[in-house]
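full-length UniProt numbering puts the first residue of the sequence shown at 1, with every later residue one more than the last. Note that CB positions come from ideal geometry on N, CA and C, so glycine has one too. Below: the structure, in structure tokens.
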Amino acid sequence: MTLIRYNPWQEISSLQHQLNRLFDENFAPSRLLEDVTMKVPAAELQETEKAILLKLEVPGIEAKDLDVQVTEEAVYVSGERKSETKTEEKGYTKSEFHYGKFQRVIPLPARIQNTNVTAHIPHFKM
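Okay, here's the thing in structure tokens:
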């Protein structure tokens, strides 16, 4: 009888390859999903001695369609970019704009007093 050394790492590696293949085949993002969902807004976080400043890029979204909740540890942002009514007069042949609901949680670098929070939402369109 020949003895074979058991290597558990080889089995784990094999399992990982099988799982990767399973997810690549069944859960790969499709163009259809990209067209239906809105991209998560980009964020810029800056910490100063007196404040934490957060900028979000939410073009085409009105303030009434944006919900911002602030806790001691994070900022929760959700909203919806509503589709414009398209008519034949406008003559769109292709649109790369993303419409629909989104949400994002931005962890803060330090705990804050969420009773002293201000928001500035400029209202302009180019």
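- Selection Ala110, Ser78, Thr118, Asn116 evaluated against Lys101 yields Ser78 as nearest (Cα-Cα).
- Between the segment 52-72 and the segment 7-19, the count of C-beta pairs closer than 8 angstroms stays below three; the two stretches do not touch.
- Between Leu53 and Val75, the CB-CB gap reaches or exceeds 8 angstroms.
- In the DSSP annotation of this structure, the continuous segment of the beta strand (DSSP E) that includes Asp67 starts and ends at 66-70.
- Residue state for Ile4 is assigned as coil, using DSSP reduced to three classes.
- For Ser83, there is no enclosing beta strand (DSSP E), as DSSP marks it with neither H nor E.
- DSSP, read as helix, strand or coil, puts Glu11 in helix.
- Boundaries of the beta strand (DSSP E) around Phe102: 100-107.
- In the DSSP assignment, Glu57 falls outside any beta strand (DSSP E), carrying neither H nor E.
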